[in-house]
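Chemist: Here you go, one structure.
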Amino acid sequence: MRRPLLLILILLISEIAICQQTKATSFEVRFKPGYQGLSQNQIVADITSSQFENFRLLNTRITLNFDNGFDIILLSANELQKLGIINTVSGYQPDFPPNYKLPVFHINQSGQVAAEYPVSKNVKFSRVKR
Numbered sequence: 018m019r020r021p022l023l024l025i026l027i028l029l030i031s032e033i034a035i036c037q038q039t040k041a042t043s044f045e046v047r048f049k050p051g052y053q054g055l056s057q058n059q060i061v062a063d064i065t066s067s068q069f070e071n072f073r074l075l076n077t078r079i080t081l082n083f084d085n086g087f088d089i090i091l092l093s094a095n096e097l098q099k100l101g102i103i104n105t106v107s108g109y110q111p112d113f114p115p116n117y118k119l120p121v122f123h124i125n126q127s128g129q130v131a132a133e134y135p136v137s138k139n140v141k142f143s144r145v146k147r
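Quick note on my numbering: the sequence shown kicks off at 18 and runs consecutively.
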């Protein structure tokens, strides 16, 4: 009895992990003038192995800025549903909170993605110590 239950649990967890990845057809890459760096294929591979779904909104495309010299435009959840890429849009928020500012991202040569969030006076631990 325990083995089938464990197998079902493992399959559910792996399905959730797969669903959370950002699919290659769910965003666009836009290079800034004079860009010289990672190839588009490498950027797509790095983005799809990362989790950017928390930044996707229900009805609005979102531009994520990378200090490497390119932007990623996330298609809205409704667009993805119309394209058949996702089945449900119930988990996506319609907008970010009023004072929320998107971070600036960076991808290093090994494909790791980092985010730099702006300092906010409204958040307890985001102040720069002097």
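By construction, the Cβ of each residue, glycine as well, lies at the ideal position given by its N, Cα and C atoms.
These numbers come from a predicted model, not from an experiment.
Going by DSSP, which residues form a beta bridge with Asn-82?
Modeler: Answer is Asp-88, bridged to Asn-82.
Chemist: Going by beta carbon distance, what residues of the same chain come within less than 6 angstroms of Ile-79, once the five residues before and after it are set aside?
Modeler: Hits under 6 angstroms: Phe-72 and Leu-91.
Chemist: Does Leu-100 pass the burial test, meaning 16 or more other C-beta atoms within 10 Å, or should it be called exposed?
Modeler: So Leu-100 ends up on the exposed side.
Chemist: With a Cβ-Cβ cutoff of 8 angstroms, do Asn-95 and Asn-82 count as a contact?
Modeler: No, they are not a contact pair.
Chemist: Quick one, are the C-beta atoms of Leu-120 and Tyr-134 less than 8 angstroms apart?
Modeler: As written in the sequence, residue 120 is Pro, which differs from the Leu given in the question. Yes. Within cutoff.
Chemist: Which stretch, first to last residue, makes up the alpha helix (DSSP H) that contains Glu-70?
Modeler: Counting along the chain, Glu-70 falls outside any alpha helix (DSSP H), and DSSP gives it neither H nor E.
Chemist: Beta-carbon within less than 7 angstroms of Leu-97's beta-carbon, same chain only, minus the 5 sequence neighbours each way: which residues are those?
Modeler: Hits under 7 angstroms: Ser-43 and Ile-103.
Chemist: May I have the straight-line CA-CA distance separating Leu-55 from His-123, to the nearest angstrom?
Modeler: Distance between the alpha carbons of Leu-55 and His-123 is about 11 angstroms.
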